[in-house]
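In our numbering, the protein residues as written are 10 to 484.
Ideal Cβ positions, reconstructed from N, Cα and C, are used throughout, including at glycine.
In what follows, a structure is listed as structure tokens, so that the remarks can point back to it.
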């Protein structure tokens with residue numbers, strides 16, 4: 010493997026430290042959320058895309074850059090500000106970032122140059138992960154790191170324990186940050202997609218050490234080249250976390266990482282949904298459990314979810330209206346359970362893109378976000394603090410002593426009936442309560458006084474559709 014300094018000149022350029030006006034994202038100082046370096050609140054509203062999927066595929070060899078530019082413009086108009094992307098996608102042979110281990114493909118580097126410029130133009134940031142691990146493992150014999158192609162690694166099971174392979178992984182990330190890390194279009198790094206002890210031959214200590222080594226190398230290089238570093242995480246396939254709870258020490262509490270990310274999959278609810286309320290209930294339950302595992306100031310978000318079993322195994326694309334309601338309800342359950350933003354759907358559709366109505370739902374969520382002061386929102390799941398007597402459906406929320414978010418998703422029988430909510434544990438005083446219809450984005454606002462014990466009683470719903478409440482202390 011060649012060191013970075015010896016790579017082909019056509020495939021790399023050195024960049025100077027960014028201009029001070031470039032506004033990177035960082036973790037908020039006093040809350041488990043994000044903000045820009047200028048102090049503006051920032052929450053990821055977006056989803057997963059891939060360089061071989063219909064919207065981005067025309068960037069390869071610049072077949073149709075204008076169509077991708079139009080796609081990004083449409084995303085921005087819908088409130089999307091973040092996409093999760095893998096640096097390469099191994100479902101096809103010629104979308105490897107490295108043609109051979111340590112040799113970066115000029116065509117792929119050019120594609121990423123264009124993507125970064127499009128992100129900057131449209132204020133869309135990227136959460137980047139170095140490998141498409143799903144197809145990498147399934148098509149290992151053609152992977153540049155495989156011994157069969159001249160690479161250093163015998164099998165995916167040795168990637169974390171093979172010294173030469175760890176060096177190659179670090180080399181890839183250092184290349185990426187030297188080439189593109191100067192840009193504010195980079196939100197952060199998912200150092201490994203769906204990390205698991207599988208890649209370390211079952212050795213969980215090796216997983217922990219791998220994350221520490223890769224994190225330190227990337228952060229040191231970013232500090233050297235850019236003078237600061239992007240936030241870091243590693244993601245986990247939630248069923249694997251449930252099978253191996255010690256993965257939680259890496260996902261939620263590794264000292265080298267800045268935020269936590271989970272992939273919300275669950276058999277029978279999210280993976281192959283029969284209705285839209287049960288997946289939202291599962292999202293709230295799973296996110297609540299994840300929040301409880303996180304340090305109180307560490308942001309948490311879902312960075313991949315969707316009907317994987319229905320699509321991959323049953324070859325079903327869910328009906329448009331059903332899937333849009335599923336999408337909308339899961340994103341609001343994610344936000345109301347303490348997640349940063351609305352979570353990030355993997356399309357699981359044919360063609361493999363989100364529906365226009367899903368982007369409209371993202372826009373409604375984006376308009377809700379400014380109603381909360383995220384810089385000082387030290388949320389915890391409301392749990393028993395939220396009471397909705399007689400409400401038939403999902404009532405869930407998170408809050409602290411000064412603010413709260415509550416979402417109501419009714420069963421069909423409940424639709425159209427207003428409900429009385431009690432939110433306990435607030436500091437006594439006057440609160441602004443803004444109700445948003447999560448389908449239309451319509452708003453209603455009121456000011457209410459708590460009882461002496463800090464209980465706030467709210468009459469909510471009555472629209473016949475799901476509603477979200479933003480509750481903030483009145484100035």
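Original post:
Roughly how many angstroms lie between the CA atoms of residue 162 and residue 358, to the nearest whole one?
Top reply: On the chain shown, position 153 is the one that residue 162 refers to. On the chain shown, position 349 is the one that residue 358 refers to. Whole-angstrom Cα-Cα distance: 34 Å.
Original post:
For the alpha helix (DSSP H) that residue 81 lies in, which residues bound it at each end?
Top reply: For the purposes of this step, residue 81 is identified with residue 72 of the chain shown, where counting begins at 1. Start and end: 74 to 86.
Original post:
Hey, residue 8 and residue 89: beta-carbon distance below 8 Å or not?
Top reply: What is shown of the chain runs 10 to 484, which leaves residue 8 out entirely.
Original post:
Are the Cβ atoms of residue 170 and residue 215 separated by less than 8 Å?
Top reply: Residue mapping note: residue 170 aligns to position 161 of the chain shown, counting from 1. Residue mapping note: residue 215 aligns to position 206 of the chain shown, counting from 1. For residue 170 and residue 215, yes; Cβs fall inside 8 Å.
Original post:
By DSSP, does residue 329 sit in helix, in strand, or in coil?
Top reply: Indexing the chain shown from 1 puts residue 329 at position 320. Helix, per DSSP.
Original post:
For residue 238, which residues of its own chain have a beta-carbon under 8 Å away from its beta-carbon, when the five flanking residues on both sides are left out?
Top reply: Within the chain shown, the letter at position 229 stands for residue 238. Cβ neighbours of residue 238 beyond the five flanking positions: 227, 228, 231, 232.
Original post:
Does the Cβ of residue 98 lie closer than 7 Å to at least one heavy atom of the ligand HEM?
Top reply: As presented, the structure is devoid of all ligands, the ligand HEM included, so that no description of it is given.
Original post:
Among all the DSSP beta bridges, which residues are the ones paired with residue 186?
Top reply: Along the chain shown, one-based indexing puts residue 186 at 177. DSSP output for residue 186 lists no bridge partner at all.
**OP:** Could you work out which residue in 64, 177, 264 is closest to residue 110 when comparing CA atoms only?
**Re:** Within the chain shown, the letter at position 101 stands for residue 110. Minimum Cα distance to residue 110 is reached at 177.
Original post:
Any idea what DSSP makes of residue 180, helix, strand or coil?
Top reply: Taking the chain shown and counting its residues from 1, one reaches residue 180 at position 171. The answer is helix: DSSP assigns residue 180 an H, G or I state.
Original post:
If residue 309 and residue 414 are in contact, beta carbons under 8 Å, what's the gap, nearest whole angstrom?
Top reply: Your numbering for residue 309 matches position 300 in the chain shown. Your numbering for residue 414 matches position 405 in the chain shown. Between residue 414 and residue 309 the Cβ distance is about 14 Å, and since that is not below 8 Å, they are no contact.
Subject >> Segment contact, 8 Å Cβ cut-off, at least three pairs: the region 140 to 159 with the region 107 to 123 >> reply: yes
Original post:
How close, in whole Å, do the beta carbons of residue 77 and residue 63 come, if the pair is a contact with beta carbons under 8 Å?
Top reply: Taking the chain shown and counting its residues from 1, the one referred to as residue 77 is at position 68. Taking the chain shown and counting its residues from 1, the one referred to as residue 63 is at position 54. Not really, about 10 Å apart at Cβ, beyond 8 Å.
Subject >> Candidates 148, 442, 120: closest to residue 455 by CA position >> reply: Locating residue 455 in the chain shown gives position 446, counting from the first residue. Comparing Cα positions, the closest option is 442.
Subject >> Ordered list of beta strand (DSSP E) runs contained in the region 190 to 260, each at least 3 residues >> reply: 195 to 199
**OP:** In angstroms with no decimal places, state the Cα-to-Cα distance between residue 118 and residue 128.
**Re:** For the purposes of this step, residue 118 is taken as residue 109 along the chain shown, with counting starting at 1. For the purposes of this step, residue 128 is taken as residue 119 along the chain shown, with counting starting at 1. Using only the alpha carbons, I get a separation of about 15 Å.
**OP:** Going by CA-CA distance only, name the one from 115, 144, 172, 480 that's closest to residue 219.
**Re:** Counting from one through the chain shown, the residue named residue 219 turns up at place 210. Nearest of 115, 144, 172, 480 to residue 219, Cα basis: 172.
**OP:** Report the partner residues of residue 446 according to the DSSP bridge assignment.
**Re:** Taking the chain shown and counting its residues from 1, one reaches residue 446 at position 437. Paired residue(s): 476.
Original post:
Of the choices 264, 146, 206, 191, whose alpha-carbon is the least far from that of residue 33?
Top reply: As a first step, residue 33 is located in the chain shown; it is residue number 24 there, counting from the start. Ranking 264, 146, 206, 191 by Cα distance to residue 33 puts 191 first.
Original post:
Enumerated in chain order, which unbroken segments of the beta strand (DSSP E) with a length of 3 residues or greater are wholly contained in the region 367 to 429?
Top reply: 402 to 408, 412 to 419
Original post:
Where residue 249 and residue 46 are concerned, what is the direct C-alpha to C-alpha distance, given to the nearest angstrom?
Top reply: As a first step, residue 249 must be located in the chain shown, where it is residue number 240. As a first step, residue 46 must be located in the chain shown, where it is residue number 37. Their Cα atoms are separated by approximately 35 Å.
Original post:
Should residue 420 go down as buried or exposed, given a rule of 16 or more other Cβ atoms within 10 Å for buried?
Top reply: Residue 420 sits at position 411 when you count from the first residue of the chain shown. Residue 420 should be labelled exposed.
Original post:
Comparing alpha-carbon positions, which option in 344, 355, 114, 183 lies nearest residue 94?
Top reply: Stepping through the chain shown from its first residue, residue 94 is reached at position 85. With distances taken between Cα atoms, residue 94 lies closest to 355.
Original post:
Where does residue 270 land, buried or exposed, given buried means 16+ other C-beta within 10 angstroms?
Top reply: Translated into the one-based positions of the chain shown, residue 270 becomes position 261. So residue 270 counts as buried.
Subject >> Beta carbon of residue 345 nearer than 8 Å to that of residue 407 >> reply: On the chain shown, position 336 is the one that residue 345 refers to. On the chain shown, position 398 is the one that residue 407 refers to. Cβ distance < 8 Å, so residue 345 and residue 407 count as in contact.
**OP:** From the DSSP output, read off the bridge partner residues of residue 138.
**Re:** Within the chain shown, numbered from 1, the residue matching residue 138 stands at position 129. Answer is 95, bridged to residue 138.
Subject >> Span of the beta strand (DSSP E) around residue 35 >> reply: Working through the chain shown from its first residue, we reach residue 35 at position 26. Per DSSP, residue 35 belongs to the beta strand (DSSP E) from 34 to 36.
**OP:** Consult DSSP for residue 56 and reduce its assignment to one of helix, strand or coil.
**Re:** Reading the chain shown from its first residue, position 47 is the one you call residue 56. Of the three classes helix, strand and coil, the one that applies to residue 56 here is strand, per DSSP.
Original post:
What are the start and end residues of the alpha helix (DSSP H) that includes residue 306?
Top reply: Working through the chain shown from its first residue, we reach residue 306 at position 297. That residue, residue 306, is in no alpha helix (DSSP H); it is neither H nor E in DSSP.
Subject >> Beta-carbon proximity list for residue 132, same chain, < 8 Å, skipping 5 on both sides >> reply: Taking the first residue of the chain shown as position 1, residue 132 is located at position 123. Hits under 8 Å: 85, 90.
Original post:
If you compare alpha carbons, which of 434, 462, 470 is closest to residue 444?
Top reply: Walking along the chain shown from the start, residue 444 turns up at place 435. It is 470.
**OP:** Using beta-carbon positions only, say whether residue 434 and residue 394 come within less than 8 Å of one another.
**Re:** Start at 1 with the first residue of the chain shown, and residue 434 comes out as number 425. Start at 1 with the first residue of the chain shown, and residue 394 comes out as number 385. Taking 8 Å as the Cβ cut-off, residue 434 and residue 394 qualify as a contacting pair.
Original post:
Rounded to a whole number of angstroms, what is the C-alpha to C-alpha distance between residue 305 and residue 263?
Top reply: Taking the first residue of the chain shown as position 1, residue 305 is located at position 296. Taking the first residue of the chain shown as position 1, residue 263 is located at position 254. If you take the alpha carbons of residue 305 and residue 263, they lie about 14 Å apart.
Subject >> Endpoints, the beta strand (DSSP E) within which residue 116 is located >> reply: Here residue 116 is taken as the residue at index 107 of the chain shown, counted from 1. Unbroken run through residue 116 is the alpha helix (DSSP H), 115 to 131; no beta strand (DSSP E).
Original post:
Taking three-plus beta-carbon pairs below 8 Å as touching, is the region 331 to 346 in contact with the region 285 to 299?
Top reply: yes
Original post:
How big is the Cα-Cα spacing for residue 217 and residue 260?
Top reply: Translated into the one-based positions of the chain shown, residue 217 becomes position 208. Translated into the one-based positions of the chain shown, residue 260 becomes position 251. So the alpha carbons of these two residues sit roughly 10 Å apart.
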